[in-house]
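Chains as they are written, first to last, in our numbering: chain A, 1 to 371; chain B, 1 to 371.
A virtual CB, placed ideally from N, CA and C, is assigned to each residue, including glycine.
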C-alpha cells in the first residue's frame, strides 16, 4: 500500500513530492532551469521561488524553442463539478504570469462532460451551470481576452469530437486502463474521455495545420492525462505537450488536499468574505493547546494550514513570510492573531475577486469558443 | 465454431435466418403480424411478401401505439466507408415505404466517425467524402424532405455528443465488450461509439422532451447496436426502440453478403450502367455447364445470384417471378438470356437512380442536420 495516492480523481495521504516525481517519471525544476526562466521573467514568480511549481516535462525544450523564435501556447483547464476554490486558482494565476511573460495564447478547457460522466449524482445541467460559474473565475484572473480561449467540452464538442477521434484511434483500452485505472465497470463515456482531454494539446496543428509547442501548467495530479497525448503525438506528426506541475494547497482541516466535498476545508471564490474569515478562524494550525504554552514552546508552522495559506497565496514577500515563520516558532506569534491577519487578507482578496467576477459576466462571450 | 457469423462488422458463411432469430433473440414476422401491417399499407410491400424483412423487436407494440394515435418515427443509417451498393438500398427503399404508409419522420445517421475509427486505413477526409456521396443515394430513394433529417456524426457532433454521454454513462465496458466483442486492443473511440449510434433512438425525447416511439428498419447484422439502447431506455425514462430486420442480398459471386471490398460482387449505385451489366454477365448462377445440359436437367435458381436479384429488387410481380423460377428449373430459361434480362433492368434502374442522385446535389442541404 503506497503511503499516498495521486490520480486525476483522488489525492490521498501526505504527498511526498520528491517520490511523486520518481513515480510519475517527471523532472524536478532545478536551479539551472529557474535561472533560465528568470532570464525571461526578469523576476522569478513567487510560485517558482517557493517550489510550488516544482516539476516539469520538456520545459527546457520549450525554452529552447522559444529562444529560437518558436513561440508556444498554454493549455490548462478545470473540471466544473462545483464552485472554484482557492486551490484551483494556483495554476491559473501562474498561467496568467506565463501568458504575460511569454506573450502566449491560452486554451482553457472546462471538462463538463468528464464531470458528468465521472460523478454518478451530477446532472448534466449542473455540470453545464458550473462551467459558466467557473469560467467567471478564470476571467477574473485577468487573462488577455485577445489571447485567451475558454471552451466547454459540451459547447465545443463538434470541433473537439473530430479531433478526439483522431487521437482515440491510437489509444487502446489496454493503455487507457493502465494509465487511468479503468475497469470493466467503467462507463464507455469516461473511457473515451482521455481523447477529449488530449485534443487541446494539438489545437493549432489540428485546427490550423501549424505545429506549435504546447505547455500545460497544472497540478501534478493531472499529469496522467497527457501521457497518452505524449505517446500519440509522434504518430500524428505533432510535438509532445510539455508540462509544468504544481503542488496542492492544503485544506484548512488537518492535512490533505483542499476538497470541495468538505466545504469547511475550502475557501470558495463565491464565499461571502465573512464566511471565509470564519473558516479561517476554525482552521487547523500548528499552535499549542494554550497561549501560555505557545509563548513558551512556540508553534509549528510546518504543519499549520494558516501558514500554508500565507506561503501559497497571501504573503508574496519572502522576508515577511520568514518573519511569520520565525515569530511562530519563537512563540511571539499567537494563532488567533495570525488567523485574523490571514482572514483580513483573504477577505480583501475575495472582495476584489468577486468584483472582477461580476465584471467578467459582461465580457465572458469574448472569451468563449463555441461551435 | 458456428457455421455462420453475423456481427455489425462481419457477415460470414451461409446465414441461417431462422437460427439467427434464435441466436439474437428477435421475433419472426408471422402471418398475423403481416395481416396487421397490410391493414395500414393496403398492399403488402414486396419485401414483406417475400420475407426479405423477416424479423423484428416490438413491432406489435409500435402498431398498438400507432393504432392508439401515437405516431412513431423511423431511424436508420449507413456507415460511409465507400460507395453505396444495391444491398444498402434494401432497408432504405423499405424505410421510404414505411414513411409513406405511416407518415413517419425519418432520422438517417451517417456514421463517418465509426468508419474512421474502425478502418485502420480510412482517412477522416475520405469518410467525410463518402458521407456526402452516400447521402445523395439516400435522397435519391425519394424520401420526403419535410420529414427526413440526414446527419453525419461529425457534422452533428455537438448535439450527438451531448446525448451520447448521457447514454454512455449507463453502458459499462463489460456490457460493450459482451455485445460488440471489444478487446483490450480496441481503441477508446470505437468503444465509445455505440453511445453515438444509440443517440438517435431517443432524439425526440432528448431534443424536444417528447417521448416518441422509434422504429429502426435495418439489416439484421445491425441488431446488436441497439441492444444497449434497449437496456438503457428505461433508465432514462424513454421507450425502447423497436426494430424490423432484413436479410442480406447475396453478392454476385458464390454465396455470402455483397461486399464492397470485392467490387466485382457488388453493383454500386455509381457504376456506369454498362459496367454493372458486365458484372451481371459474369455473375455466379445456378446453371449447368452447357446449354444442352441445362435444357435437359434445368438450372437451380435457389443458389443463383441472378435469380436473387430478381427476387430482391428487380421483379416485383410475384407471378412473373414464379415464372422465372419455373422456367429455370424446367430448363426453358438459359443463363445468358436470364442475365441479359436482369442487366437490362439494372441498367434502367441505375440510369434513373443516377439522374435522381444528380438532382439530389441541389437539394441535399434541405435534408442535412448540422450543428
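- Look at residue 15 of chain B here: in three-state DSSP terms it is coil, with no helix or strand label.
- The beta-carbon distance between residue 212 of chain A and residue 72 of chain A, rounded to whole angstroms, is 7 Å. This is short enough to meet the 8 Å contact definition.
- Taking the CA atoms as reference points, residue 272 of chain B sits about 57 Å from residue 68 of chain A.
- Counting only residues of its own chain and dropping the five nearest sequence neighbours on each side, residue 122 of chain A has a CB closer than 8 Å to the CB of 81, 115 and 116.
- Residues of chain A whose Cβ lies closer than 7 Å to the Cβ of residue 189 of chain B are, in chain order, 165, 168, 169, 192 and 195.
- Chain-order list of chain A residues neighbouring residue 172 of chain B: 184, 185, 186, 187 and 188, by C-beta distance under 8 Å.
- In this chain, residue 104 of chain B is not harboured by any beta strand (DSSP E), its DSSP state being neither H nor E.
- By the CB criterion at 7 Å, residue 187 of chain A and residue 169 of chain B fall inside the cutoff.
- Between the beta-carbon of residue 222 of chain A and that of residue 8 of chain A there is about 6 Å, and that keeps the pair under the 8 Å contact cut.
- Excluding residues up to 5 positions away in sequence, 210 and 212 lie with their Cβ nearer than 6 Å to the Cβ of residue 204 of chain A in the same chain.
- Per DSSP, the unbroken beta strand (DSSP E) holding residue 73 of chain A starts and ends at 73–78.
- Taking 7 Å as the upper bound on Cβ-Cβ separation, chain B lies near residues 154, 157, 158 and 161 of the stretch 130–161 of chain A.
- The Cβ of residue 123 of chain B sits no closer than 7 Å to any Cβ of chain A.
- Under the DSSP assignment, residue 214 of chain B falls in the beta strand (DSSP E) whose first and last residues are 214–219.
- Those residues of the stretch 102–118 of chain A placed with their C-beta closer than 7 Å to a C-beta in chain B are 113, 116 and 117, ordered along the chain.
- When secondary structure is reduced to three states using DSSP, residue 282 of chain B falls in the coil class, being assigned neither helix nor strand.
- In the structure shown, residue 272 of chain A adopts coil according to DSSP, grouped into three states.
- With a beta-carbon spacing of about 15 Å, residue 126 of chain A and residue 153 of chain A fall beyond the 8 Å limit used to define contacts.
- Between residue 173 of chain A and residue 182 of chain B the beta-carbon gap is near 7 Å, inside 8 Å, which marks them as a contact.
- In the DSSP assignment, the residues bridged to residue 242 of chain B are B/215.
- Within chain A, 158 and 371 have C-beta atoms less than 7 Å from the C-beta of residue 371 of chain B, given in sequence order.
- The contact set of residue 233 of chain A on chain B, defined by CB atoms closer than 9 Å, is empty, because the minimum CB distance reaches about 16 Å.
- DSSP lists B/243 as the beta-bridge partner residues of residue 57 of chain B.
- Against chain A, the CB of residue 176 of chain B has a partner CB under 7 Å away; the residue lies at that interface.
- Less than 7 Å divides the Cβ of residue 12 of chain B from the Cβ of residue 5 of chain B.
- The DSSP-derived three-state label of residue 43 of chain B is coil.
- Cβ-Cβ distances below 6 Å link residue 218 of chain A to 76 and 91 in the same chain, with the five nearest sequence neighbours on each side left out; the list follows chain order.
- Sequence-distant partners of residue 58 of chain B (beyond 5 residues in either direction) whose C-beta falls short of 7 Å from its own C-beta, in its chain, are 240 and 242.
- The beta-bridge partner set that DSSP reports for residue 152 of chain B consists of B/110.
- Within its own chain, the residues whose Cβ lies closer than 7 Å to the Cβ of residue 267 of chain B, once the five positions on either side in sequence are excluded, are 85, 86, 276, 279 and 346, listed in chain order.
- The continuous alpha helix (DSSP H) containing residue 131 of chain A extends over residues 124–140.
- For the 7 Å CB-CB criterion, residue 331 of chain B and residue 295 of chain B form a contact.
- Annotation for residue 34 of chain B: 44 and 48 place their beta carbon closer than 7 Å to its own, counting only its chain and skipping 5 residues before and after.
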